[in-house]
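**Student:** Going letter by letter, the sequence shown gives residues 3 to 60 in my numbering.
Beta carbons: idealized from backbone N, C-alpha and C, even for Gly.
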Amino acid sequence: MITVRTQIKDILRESGLGVENMSGDFMETLDREVKNMIVKAAMRANKNGRRTVMGKDI
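(1) Would you identify the three-state DSSP class for V36, choosing helix, strand or coil?
(2) Grab me the residues of M39's own chain with a C-beta within less than 8 Å of its C-beta, minus the 5 sequence neighbours each way, in chain order.
(3) Of the choices R7, E35, M56, whose alpha-carbon is the least far from that of S25?
(4) Could you check where the alpha helix (DSSP H) with T54 kicks off and where it finishes?
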């Protein structure tokens with residue numbers, strides 16, 4: 003797992019929207035999406051001749 007459950011719960015609480023619980027599949031789906039973002043950012047950095055991913059790659 004890339005994402006940390008307790009930190010995600012903190013973000014939900016801090017949002018002030020009254021949503022504090024996560025379904026069982028939420029963390030798996032979130033983790034998969036984060037991994038996809040990382041791979042896409044790495045592909046963009048590589049395409050631009052860099053070995054370092056940057057915020058602009060997201």
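**Tutor:** Inspection of the coordinates gives the following:
(1) In the structure shown, the three-state DSSP call for V36 is helix.
(2) Closer than 8 Å at Cβ, skipping near neighbours: I60.
(3) Of all alpha-carbon atoms in R7, E35, M56, the one lying nearest the alpha-carbon of S25 is that of R7.
(4) Per DSSP, T54 belongs to no alpha helix (DSSP H) and is neither H nor E.
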